[in-house]
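Undergrad: Handing you a structure now.
There are 6 protein chains.
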Amino acid sequence: MVFLTRVEHFNAAHKLYNPDWDKEKNEEIFGRCANENWHGHNYELFVTVKAEPDGGTGFVIDAKKLSDIIKDRVIEKVDHKNLNVDVEWMNGKICSTENFVVAIWEALLPALPSAVQLHSIKLYETPRIFVEYFGK
Amino acid sequence: MVFLTRVEHFNAAHKLYNPDWDKEKNEEIFGRCANENWHGHNYELFVTVKAEPDGGTGFVIDAKKLSDIIKDRVIEKVDHKNLNVDVEWMNGKICSTENFVVAIWEALLPALPSAVQLHSIKLYETPRIFVEYFGK
Amino acid sequence: MVFLTRVEHFNAAHKLYNPDWDKEKNEEIFGRCANENWHGHNYELFVTVKAEPDGGTGFVIDAKKLSDIIKDRVIEKVDHKNLNVDVEWMNGKICSTENFVVAIWEALLPALPSAVQLHSIKLYETPRIFVEYFGK
Amino acid sequence: MVFLTRVEHFNAAHKLYNPDWDKEKNEEIFGRCANENWHGHNYELFVTVKAEPDGGTGFVIDAKKLSDIIKDRVIEKVDHKNLNVDVEWMNGKICSTENFVVAIWEALLPALPSAVQLHSIKLYETPRIFVEYFGK
Amino acid sequence: MVFLTRVEHFNAAHKLYNPDWDKEKNEEIFGRCANENWHGHNYELFVTVKAEPDGGTGFVIDAKKLSDIIKDRVIEKVDHKNLNVDVEWMNGKICSTENFVVAIWEALLPALPSAVQLHSIKLYETPRIFVEYFGK
Amino acid sequence: MVFLTRVEHFNAAHKLYNPDWDKEKNEEIFGRCANENWHGHNYELFVTVKAEPDGGTGFVIDAKKLSDIIKDRVIEKVDHKNLNVDVEWMNGKICSTENFVVAIWEALLPALPSAVQLHSIKLYETPRIFVEYFGK
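Protein chains in written order, with my numbering: chain A, 254 to 389; chain B, 254 to 389; chain C, 254 to 389; chain D, 254 to 389; chain E, 254 to 389; chain F, 254 to 389.
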């Protein structure tokens with residue numbers, strides 16, 4: 254079993270906001286991240302898949318093909334977008350990096366070829382904060 | 254003369270939009286950056302000052318003091334903000350990184366002690382795009 | 254289960270020295286790292302915790318709060334310090350990065366809220382050497 | 254158990270080419286990577302070993318000694334080389350990063366002292382593609 | 254005047270070899286870099302242009318357009334290539350990074366719009382060696 | 254004229270301390286950096302030289318030779334050392350990064366071959382603070 258990771262970049266706006274709470278509570282809990290006029294980030298996305306390398310190609314998966322799948326299912330939907338407003342699969346969810354990484358896993362999983370297993374999604378929100386998800 | 258650079262980090266939302274143009278022209282010229290719902294970035298800000306090192310401290314400037322000035326004049330105003338909406342000194346300007354770096358220079362310059370000269374402001378918008386300004 | 258990592262920075266002096274050995278043996282075993290006048294490093298500390306994201310916030314833990322705990326329990330004690338001399342919880346231990354990362358785990362663990370599990374501590378001593386500890 | 258990682262750098266030429274296929278099929282499958290005149294990379298190699306730290310040194314392994322072993326068994330064989338042509342242990346294998354990382358594991362494993370276990374080999378081929386192997 | 258830099262990535266094979274010298278002298282002068290079977294690198298290319306920002310866009314140049322020009326004139330010609338064999342504008346030149354950066358300047362200069370000046374080309378050959386050229 | 258930069262790494266202990274001041278004033282001015290038990294850093298040193306590339310080699314200077322000179326004149330003297338105590342050419346100087354970069358320039362300059370000019374020395378003390386010196 255070999256693990257292959259592809260790194261992709263995108264940037265987006267978002268805010269942290271729980272609609273069940275009033276503005277004061279949102280600001281108390283989320284601080285500057287609750288700014289109603291939004292803020293944003295450059296995100297670095299690490300997608301790791303695993304498999305026995307194929308005998309013909311020596312590949313777990315063609316890294317170019319993996320990149321195309323990530324771009325089609327994730328980057329196109331989130332790059333230069335507002336995560337709270339523009340991204341269908343974040344609808345009704347609090348837009349934390351934790352919830353976002355789980356949503357990316359779910360968006361990507363059905364598009365991967367059956368020859369590989371999705372191992373993990375790692376997402377840097379800033380150079381000093383990142384989250385990682387390994388599935389249920 | 255020795256040059257000292259302090260690096261600070263912030264993140265913000267913005268969009269590229271010229272109010273003299275209609276939505277179609279803005280989208281034609283600015284592409285995904287014109288998304289009316291905003292997008293955002295992690296910014297890395299490099300502030301470089303120069304001077305003869307002081308005889309008593311060996312410093313061009315105390316890097317902690319320089320950091321405090323940058324935080325007071327720039328980071329507090331822009332971090333977790335919407336550059337088009339929340340930042341007074343971007344009012345009426347197209348929110349390009351080029352215009353932003355010039356505005357940061359002008360915000361910072363009057364706050365620096367006279368013992369140092371401001372040499373340059375460098376601003377990374379993404380890991381692959383940055384601008385630099387050396388004054389007029 | 255989602256994993257959240259917060260990265261913090263500090264710098265410190267130390268030396269590698271076993272008091273049970275004479276100077277010659279210390280120099281033979283530890284080489285330049287045994288310099289009796291000390292040397293030092295910029296350390297990058299990665300603290301990873303895990304939990305189900307909270308329903309109200311979408312957080313494993315507020316990254317700001319995690320940062321405050323790390324600063325209170327670790328950074329305040331070690332930043333701009335001599336690890337052999339100034340840090341109580343390194344007393345009587347050989348000041349290797351391996352022993353240091355275990356001591357950081359033990360210093361941090363009791364301060365974390367019960368809603369998260371401490372998963373790992375990773376510590377870069379130089380850009381080319383790092384250690385990681387996952388608990389007993 | 255503490256994990257220690259040493260990072261080493263090398264650069265090399267290679268091409269992706271399956272000798273059982275004709276030139277057209279190689280170009281169809283491997284694209285630009287099949288260029289018969291070769292291309293190349295700067296590789297970053299992460300070697301992770303694990304053990305209980307030694308009582309006398311506080312070390313999993315002396316990082317200098319680990320570096321010497323990696324240089325002797327791997328870097329000397331591959332640095333400034335053509336992986337398809339010059340590296341004995343890539344003979345008869347398709348020169349994918351996946352096959353390469355497994356071959357590095359096998360080249361390194363017998364040279365490590367019995368006091369440590371080899372945990373993983375991670376190899377960056379570009380800043381955006383890396384593979385990792387944990388043994389059989 | 255504002256300076257804008259765009260960073261692009263490519264990888265390639267090459268060797269250092271002076272055809273006026275015999276094999277022994279080439280190996281004596283160029284060491285491992287003279288390996289007749291080639292070696293290679295991941296290159297990071299920094300292209301810096303300068304201008305007064307445009308009143309309509311706030312841009313020195315659209316960074317996407319600059320990227321397209323760099324890709325058309327440089328990346329397409331050198332990415333996944335052998336610099337000594339496949340790149341017309343390196344013909345008859347010793348394939349040092351110094352000669353290469355000058356050749357990139359000359360390849361790029363005629364393709365830039367007249368509204369900007371080419372300020373510098375910086376090229377990382379490894380993370381620890383880079384060259385920079387500012388024109389004649 | 255082409256500029257070539259070589260990056261080297263070292264680590265060292267130091268403290269900021271002016272012997273003309275008492276302990277209180279040192280602590281007031283230098284804060285945590287005045288810790289009498291020392292602290293330390295990983296330093297990244299960028300040495301830039303310039304010349305017309307040589308007709309025979311295509312080199313400004315052989316980067317390996319430049320590295321050897323830097324190691325002989327600088328790294329050997331400062332790596333794993335205490336800058337205040339162990340480094341002859343810091344004697345009697347306040348050990349600021351500013352004074353240190355000037356001292357490195359002076360230590361290196363006489364050892365460079367006459368075919369190149371020393372252009373600049375850049376020194377990172379932390380990932381967020383660096384100084385640069387271009388000579389008198």
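Idealized CB from N, CA, C, for every residue including glycine.
Remember, predicted model here, so these are calculated numbers, not experimental data.
How would you label P306/B, buried or exposed, when you count the other beta carbons within 10 angstroms and need 16 or more for buried?
TA: Burial call: buried.
Undergrad: List, in order along the chain, the chain A residues whose C-beta lies closer than 8 Å to that of L298/C?
TA: Residues of chain A passing the Cβ test: none, with the nearest at roughly 10 Å.
Undergrad: Would A360/B pass as an interface residue toward chain A - the criterion being a Cβ-Cβ separation below 8 Å?
TA: No, its Cβ sits nowhere closer than 8 Å to a Cβ of chain A.
Undergrad: Give me the chain B residues within the contact set of G293/F, using Cβ-Cβ distance strictly less than 9 Å, ordered along the chain.
TA: Result: empty, since nearest Cβ-Cβ is about 16 Å, beyond 9 Å.
Undergrad: Determine the extent of the alpha helix (DSSP H) in which V226/B is found, giving its start and end residues.
TA: Nothing about residue 226/B can be reported from this structure: the residues present for chain B run from 254 to 389 only.
Undergrad: For the segment 363-383 of chain E against the segment 272-280 of chain F, are there 3 or more C-beta pairs whose distance is under 8 Å?
TA: Touching, no.
Undergrad: Since I believe G293/C is in contact with N264/F (beta carbons under 8 Å), could you give me their beta-carbon distance rounded to a whole number of angstroms?
TA: Rounded, the Cβ-Cβ distance is 6 Å, consistent with contact.
Undergrad: Output, in sequence order along the chain, the residues in the segment 339-357 of chain A whose CB is closer than 8 Å to any CB in chain D.
TA: Residues: none.
Undergrad: Could one say the Cβ of K317/B lies closer than 8 Å to chain F's Cβ atoms, at least one of them?
TA: For K317/B, the answer is yes, since a Cβ of chain F falls inside 8 Å of its Cβ.
Undergrad: Specify the secondary structure class of T350/B as computed by DSSP and reduced to three states.
TA: Correct three-state label for T350/B: helix.
Undergrad: Hey, is Y270/C's beta-carbon within less than 8 Å of any beta-carbon in chain D?
TA: So no, Y270/C is outside the interface.
Undergrad: Hey, does E289/C have any beta-carbon neighbour from chain D nearer than 8 Å?
TA: E289/C does not count as touching chain D.
Undergrad: Given a cut-off of 8 Å, decide if K276/D and W291/D are closer than it, judged by their beta-carbon atoms.
TA: No, the Cβ-Cβ distance between W291/D and K276/D is not below 8 Å.
Undergrad: Check this for me: beta carbons of V300/F and R326/F, under 8 Å apart or not?
TA: Their beta carbons are not under 8 Å apart, which means V300/F does not touch R326/F by this criterion.
Undergrad: Alpha carbon to alpha carbon, what distance is there between A266/E and S367/A?
TA: Roughly 34 Å separates the two Cα atoms.
Undergrad: Apply the 10 Å Cβ neighbour rule to G311/E and answer buried if 16 or more other Cβ atoms are within range, or exposed otherwise.
TA: So G311/E ends up on the buried side.
Undergrad: If I follow the unbroken beta strand (DSSP E) through K303/E, where does it start and stop?
TA: First-last of the beta strand (DSSP E) with K303/E: H292 to A304.
Undergrad: H262/B: which of L361/B, I323/B, I314/B and A316/B sits nearest, CA to CA?
TA: Answer by Cα proximity: I323/B.
Undergrad: Please check if any C-beta of chain C sits within less than 8 Å of the C-beta of T379/F.
TA: It does: the Cβ of T379/F has a partner Cβ on chain C nearer than 8 Å.
Undergrad: So V302/E and L371/E are supposed to be a Cβ contact under 8 Å. How far apart are they, rounded?
TA: Contact flag correct, Cβ pair sits at about 6 Å.
Undergrad: As a quick exercise: from R285/E, K317/E and L257/E, pick the residue whose alpha carbon is nearest that of I282/B.
TA: The shortest Cα separation from I282/B among R285/E, K317/E and L257/E belongs to K317/E.
Undergrad: In the DSSP output, what is Y386/B paired with across the bridge?
TA: Its beta-bridge partners are I374/B and V255/E.
Undergrad: Cβ of V331/B within 8 Å of Cβ of V255/E?
TA: Not closer than 8 Å, so no.
Undergrad: For E351/A, is the classification buried or exposed, using 16 other Cβ atoms within 10 angstroms of its Cβ as the cut-off for buried?
TA: Label assigned to E351/A: buried.
Undergrad: Can you tell me the Cβ-Cβ gap for N288/C and K334/F, rounded? I've got them flagged as a contact below 8 Å.
TA: Yes, N288/C and K334/F are in contact; Cβ-Cβ is about 6 Å, under 8 Å.
Undergrad: Is it the case that the Cβ atoms of I357/E and I374/E are separated by a distance below 8 Å?
TA: Contact: yes.
Undergrad: Can you tell me which of I328/E, V369/E, Y386/E and K278/E puts its alpha carbon nearest to the alpha carbon of D315/E?
TA: The shortest Cα separation from D315/E among I328/E, V369/E, Y386/E and K278/E belongs to V369/E.
Undergrad: Considering only residues of the same chain and omitting the five flanking positions on each side of L362/D, which have a CB-CB separation below 6 Å?
TA: Once the five neighbours on either side are set aside, the close Cβ partners of L362/D are L371.
Undergrad: Please classify D321/E as buried or exposed, where buried requires at least 16 neighbouring CB atoms within 10 angstroms.
TA: Exposed, by the Cβ-count rule.
Undergrad: What residues from chain H crowd round F312/E, counting only those whose CB sits closer than 9 Å?
TA: Absence of chain H from the displayed structure is noted, the protein chains being A, B, C, D, E and F.
Undergrad: On the three-state DSSP scale, how would you describe K330/E?
TA: DSSP places K330/E in helix when its eight states are reduced to three.
Undergrad: Compute the beta-carbon to beta-carbon distance between A364/E and W342/E, rounded to the nearest angstrom, for a pair I have assumed lies under 8 Å.
TA: The Cβ separation is near 13 Å, so there is no contact.
Undergrad: Quick check on the DSSP output: the alpha helix (DSSP H) that includes V338/B runs from which residue to which?
TA: Residues L336 to D339.
Undergrad: Which residue's Cα is closest to the Cα of V328/D: Y296/D, G308/D and A304/D?
TA: Checking the sequence shown, residue 328/D turns out to be Ile, not Val. Nearest C-alpha to I328/D: Y296/D.
Undergrad: Might you give, ordered along the chain, the residues of its own chain that have their beta carbon closer than 7 Å to the beta carbon of K278/A, omitting 5 neighbours on each side?
TA: Hits under 7 Å: none found.
Undergrad: In this structure, how does DSSP classify F312/F when only helix, strand and coil are distinguished?
TA: It is coil, neither helix nor strand.
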